[in-house]
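Trainee: Residue numbers (UniProt numbering): 1 to 366.
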């Protein structure tokens with residue numbers, strides 16, 4: 001039982017409640033007398049109410065019996081007919097003298113049967129007089145997704161005098177079928193003056209990619225690419241693109257940044273020239289403090305060992321000179337004849353060392 005009367009709702013809301021809910025007095029009141037309903041300014045609304053009443057009657061007759069669920073999960077305005085002969089179903093579908101509810105039942109029976117012949121029979125219904133009926137035909141063909149109905153759907157979409165509701169369903173059906181011909185038909189009406197048609201084509205173009213299985217998308221895309229002139233299309237696009245850095249002449253820093261870098265470089269150079277020797281002296285002082293001064297930099301000179309007491313350097317030099325001179329004279333005389341000492345004064349060497357130089361280490365540690 002609906003808590004809100006149908007007369008206070010919009011007609012699509014009331015129609016949805018009548019389709020999904022059980023029979024109620026409110027539904028009978030609002031839909032059973034469409035001629036007196038405030039919604040009956042349009043034929044589509046009156047036919048919608050007639051379908052709702054017939055469905056409520058059918059639900060009452062089927063109370064307690066299980067309803068067979070078809071292959072589609074949609075909530076249909078009429079149950080499928082029990083007839084399975086395609087010729088009989090087509091005849092009922094196209095007979096506009098029959099009740100609309102019976103024609104709807106034949107429509108959904110053809111949909112559940114499937115196949116090319118059923119799709120072509122349904123496509124003939126796009127020429128019937130009821131806009132509501134043609135709208136439902138487009139919806140059913142979109143559910144079937146059979147490409148045999150593409151020419152009829154494209155023709156209905158291209159008809160500018162067609163009801164926008166019908167053109168909307170045809171556009172969505174073409175998007176669900178997703179064939180190259182569907183793409184061309186949809187792109188031709190992306191800029192249609194009718195907003196409903198224009199937006200429906202945009203949605204259908206998105207469905208071209210998302211509504212098809214992956215393998216079928218790969219099979220369809222070469223045809224779409226050839227039709228659109230996409231020479232560089234690849235069926236297996238790369239997972240990543242190679243990064244190519246821009247050329248050096250394309251990298252441009254602001255002039256202010258360059259000036260700041262140059263100023264910083266000059267400041268560092270001047271600072272090093274001014275305080276560089278101070279830093280060097282500080283490093284030497286730290287080294288002397290840690291390891292001690294070098295031997296040749298000690299303040300106090302090394303003390304030489306004291307000479308032996310009573311030793312006369314002059315006398316020692318004279319003795320050395322006489323000995324050296326005597327060896328020369330002995331070398332120049334005859335055998336066994338000692339050379340006489342010369343009368344001249346002895347020659348002293350130019351350099352005399354008291355002690356040989358002692359080699360010291362560079363660092364004096366310990």
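Positions of the beta carbon are idealized from the N, C-alpha and C atoms, including for glycine.
#1: Could you give the first and the last residue of the continuous alpha helix (DSSP H) run that contains residue 142?
#2: Please classify residue 78: is it buried, with 16 or more other beta-carbons within 10 angstroms of its beta-carbon, or exposed?
#3: Does the beta-carbon distance from residue 196 to residue 164 come in below 8 Å?
#4: Which residues bound the alpha helix (DSSP H) around residue 49?
#5: Alpha carbon to alpha carbon, what distance is there between residue 275 and residue 284?
#6: Give the range of the alpha helix (DSSP H) segment to which residue 169 is assigned.
#7: With 16 other CB atoms within 10 Å as the buried threshold, where does residue 272 fall?
#8: Here's the rule: buried if 16 or more other CB atoms are within 10 angstroms of the residue's CB, otherwise exposed. What is residue 265?
#9: Measuring CB to CB, does residue 145 end up less than 8 Å from residue 176?
#10: Classify residue 10: buried if its beta carbon has 16 or more other beta carbons within 10 angstroms, exposed otherwise.
#11: Using 8 Å for Cβ pairs, my map puts residue 168 next to residue 200. What's the rounded Cβ distance?
#12: Report buried or exposed for residue 113, applying the criterion of at least 16 other Cβ atoms within 10 angstroms of its Cβ.
#13: On the three-state DSSP scale, how would you describe residue 75?
#14: Would you kindly work out how many angstroms separate the C-alpha atoms of residue 103 and residue 49, rounded to a whole number?
#15: Could you have a look at residue 85 and say whether DSSP puts it in helix, strand or coil?
#16: Mind checking which residues open and close the alpha helix (DSSP H) that includes residue 113?
#17: According to DSSP, simplified to helix, strand and coil, what is residue 180?
#18: Please classify residue 207 as buried or exposed, where buried requires at least 16 other C-beta atoms within 10 Å of its C-beta.
#19: Using C-beta distances below 6 Å, list every residue in its chain close to residue 32, excluding the 5 sequence neighbours before and after it, in chain order.
#20: Would you call the CB atoms of residue 183 and residue 171 closer than 8 Å?
#21: Using alpha carbons as the reference points, say which of 320, 118, 323 and 94 lies closest to residue 133.
#22: Using a Cβ-Cβ cutoff of less than 7 Å, which residues in the same chain neighbour residue 162 once the five nearest sequence positions on both sides are dropped?
#23: Whole angstroms is fine: what's the gap from residue 56's alpha carbon to residue 101's?
Mentor: On the basis of the coordinates in this document:
#1: Sequence index remark: in the chain shown, residue 142 carries index 142 (1-based). 131-144 is the extent of the alpha helix (DSSP H) around residue 142.
#2: Walking along the chain shown from the start, residue 78 turns up at place 78. Residue 78 comes out buried.
#3: Taking the chain shown and counting its residues from 1, one reaches residue 196 at position 196. Taking the chain shown and counting its residues from 1, one reaches residue 164 at position 164. Yes, the Cβ-Cβ distance between residue 196 and residue 164 is below 8 Å.
#4: Stepping through the chain shown from its first residue, residue 49 is reached at position 49. Here the alpha helix (DSSP H) through residue 49 covers 43-61.
#5: Within the chain shown, residue 284 is the residue found at index 284, counting from 1. Within the chain shown, residue 275 is the residue found at index 275, counting from 1. Using only the alpha carbons, I get a separation of about 14 Å.
#6: Here residue 169 refers to the residue found at position 169 when the chain shown is read from its first residue. That run of the alpha helix (DSSP H) goes 164-177.
#7: Mapped onto the chain shown, residue 272 falls at position 272. The residue in question, residue 272, is exposed, as its Cβ has fewer than 16 Cβ neighbours within 10 Å.
#8: Locating residue 265 in the chain shown gives position 265, counting from the first residue. The residue is exposed, with fewer than 16 neighbouring Cβ atoms inside 10 Å.
#9: The residue you call residue 145 lines up with position 145 of the chain shown. The residue you call residue 176 lines up with position 176 of the chain shown. The answer is yes: Cβ separation under 8 Å.
#10: Position 10 of the chain shown, counting from 1, holds the residue named residue 10. With a pLDDT of 49 at residue 10, under the threshold of 50, the predicted position of this residue should be treated as unreliable, though the coordinate-derived value follows. Answer is exposed; the Cβ neighbour count stays below 16.
#11: If you number the chain shown from 1, residue 168 lands on position 168. If you number the chain shown from 1, residue 200 lands on position 200. Contact flag correct, Cβ pair sits at about 4 Å.
#12: Locating residue 113 in the chain shown gives position 113, counting from the first residue. Buried, since its Cβ has 16 or more Cβ neighbours within 10 Å.
#13: In the chain shown, counting from the first residue as 1, residue 75 sits at position 75. Three-state DSSP puts residue 75 in coil, outside helix and strand.
#14: By 1-based counting over the chain shown, the position of residue 103 is 103. By 1-based counting over the chain shown, the position of residue 49 is 49. Looking at the two C-alpha atoms, the distance is approximately 15 Å.
#15: Working through the chain shown from its first residue, we reach residue 85 at position 85. Residue state, collapsed to three classes: coil.
#16: On the chain shown, position 113 is the one that residue 113 refers to. Counting along the chain, the alpha helix (DSSP H) containing residue 113 begins and ends at 100-113.
#17: For the purposes of this step, residue 180 is taken as the residue at position 180 of the chain shown. Reduced to three states, the DSSP call for residue 180 is helix.
#18: Here residue 207 refers to the residue found at position 207 of the chain shown. Flag for residue 207 reads buried.
#19: Indexing the chain shown from 1 puts residue 32 at position 32. Since pLDDT at residue 32 reaches only 47, below the 50 mark, its modelled position is unreliable, and no value is offered.
#20: Position 183 of the chain shown, counted from the first residue, corresponds to residue 183. Position 171 of the chain shown, counted from the first residue, corresponds to residue 171. For the 8 Å CB-CB criterion, residue 183 and residue 171 do not form a contact.
#21: Numbered from 1 along the chain shown, position 133 holds the residue referred to as residue 133. Ranking the options by Cα distance to residue 133, first place goes to 94.
#22: As a first step, residue 162 must be located in the chain shown, where it is residue number 162. For residue 162, where only same-chain residues beyond five positions count, the Cβ hits under 7 Å are 156.
#23: Along the chain shown, read from residue 1 onward, the residue named residue 56 stands at position 56. Along the chain shown, read from residue 1 onward, the residue named residue 101 stands at position 101. Approximately 11 Å, taken between the alpha carbons.
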